[in-house]
Amino acid sequence: MGKAKLPWIAFFSQTGAEIADLSEHLGRWPSRIITNKRPEDLRTIDPRIIENGYIEVSNKPTEQELEEILQYYKEPVITLHGWLRVMPPDLCAKYSIFNGHPGLIIDYPELKGKDPQVRTWEGIQEGKYETAGAVIHRVTEGVDEGKVLLFERFNTFSVESLDDLFKVLRDRSLYMWSNLLKGIVVEKK
Numbered sequence: 071m072g073k074a075k076l077p078w079i080a081f082f083s084q085t086g087a088e089i090a091d092l093s094e095h096l097g098r099w100p101s102r103i104i105t106n107k108r109p110e111d112l113r114t115i116d117p118r119i120i121e122n123g124y125i126e127v128s129n130k131p132t133e134q135e136l137e138e139i140l141q142y143y144k145e146p147v148i149t150l151h152g153w154l155r156v157m158p159p160d161l162c163a164k165y166s167i168f169n170g171h172p173g174l175i176i177d178y179p180e181l182k183g184k185d186p187q188v189r190t191w192e193g194i195q196e197g198k199y200e201t202a203g204a205v206i207h208r209v210t211e212g213v214d215e216g217k218v219l220l221f222e223r224f225n226t227f228s229v230e231s232l233d234d235l236f237k238v239l240r241d242r243s244l245y246m247w248s249n250l251l252k253g254i255v256v257e258k259k
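If you want this note's numbering, it's the position in the sequence shown, counting the first as 1, plus 70.
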């Protein structure tokens, strides 16, 4: 495993598979993994997340609930991986929080918010988007409004299905997360 630098707190609302894949690639698991309560029929948590442990917070956690967890970490790096909740403004100001967004919002701001992959696919079908991509941005109180730090763009001509689009966006996101977090949460090799 890689040598830890700063504490890393990772949030997810869906499966957590991106966190597990990224952790294996980096050689380091987050200091803490947090998810919100959701009905079991809406998701299956990746077995690697279950094996490495996570904390479950309420479905719509309050600032106080999140702060009770975060307060124990000095200068944590917080990453959001399919975290389907808005972070409280005071936490955004207090902590370094980053979000991966599977929509190329630097070119298409209309892809901010929920389900950008589906909206991108619909736009590809309509001939609206010749390129697609993903971004990592700082989290602010506005949904997907923070400064974009990294982005990956690709031509859509080879994307044959919504599943293909999901796969390419996921691969691009993992690449960006790896580049962002190397040297911040693990020692560079």
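Don't be surprised by glycine CBs; every beta carbon is placed ideally from N, CA and C.
Computed from a prediction, not measured in an experiment: that's the story for all the values here.
I'd like to check one pair, PHE82 with SER152: are the Cβ atoms closer than 8 angstroms?
According to the sequence shown, residue 152 is Gly rather than Ser. Contact flag set, yes.
Judging by CA-CA distance, which residue of ARG98, THR149, GLU230 is the nearest neighbour of ILE104?
THR149
Can you name the residues that DSSP bridges to TRP78?
VAL147
Going residue by residue through the stretch 90-172, where are the continuous beta strand (DSSP E) segments of at least 3 residues, counting only ones entirely within it?
102-106, 125-127, 147-150, 166-171
Between ASP160, VAL218, GLU196, which has its C-alpha nearest LYS182's C-alpha?
VAL218
State the start and end residues of the unbroken alpha helix (DSSP H) segment that holds GLY193.
186-195
When DSSP labels each residue in this structure, what does GLU11 get in the three-state scheme?
There is simply no residue 11 to check, as the chain begins at 71 and stops at 259 in what is shown.
Quick one: give me the first and last residue of the beta strand (DSSP E) that VAL238 is part of.
No beta strand (DSSP E) contains VAL238, which is instead part of the alpha helix (DSSP H) from 232-251.
Where do the N-terminal and C-terminal ends of the beta strand (DSSP E) with ILE176 fall, by residue?
Here ILE176 belongs to no beta strand (DSSP E), and DSSP marks it neither H nor E.
Using the Cα positions of THR65 and LEU140, report the straight-line distance between them to the nearest angstrom.
The shown model of the chain, from 71 to 259, leaves out residue 65, and the question about it has no answer.
Contact defined as beta carbons within less than 8 angstroms: I believe GLU145 pairs with LEU76. What is the distance between those atoms, to the nearest angstrom?
6 angstroms
Using 8 angstroms as the threshold, is the C-beta distance between LEU235 and THR190 below it?
yes
Three-state secondary structure (DSSP) at MET71?
The pLDDT assigned to MET71 is 49, lower than 50, so where the model puts this residue is not dependable, and the model offers no usable value.
Run the CB neighbour count on GLU88, radius 10 Å, all protein chains shown included, and call it buried at 16 or more, exposed below.
Buried: at least 16 other Cβ atoms inside 10 Å.
Ordered along the chain, which non-local residues of its own chain (more than five positions away) have a Cβ less than 8 angstroms from that of VAL127?
ILE104, THR105, ASN106, LYS107, GLU135, LEU136, ILE139
In the DSSP output, what is VAL205 paired with across the bridge?
HIS171, PHE221
Between GLU110 and TYR124, what straight-line distance do the alpha-carbon atoms span, to the nearest angstrom?
Distance between the alpha carbons of GLU110 and TYR124 is about 16 angstroms.
What do you reckon, are the CB atoms on SER93 and ILE79 nearer than 8 angstroms?
The answer is no: Cβ separation not under 8 angstroms.
Which same chain residues, not among the five before or five after LEU154, have their C-beta less than 7 angstroms away from its C-beta?
SER83
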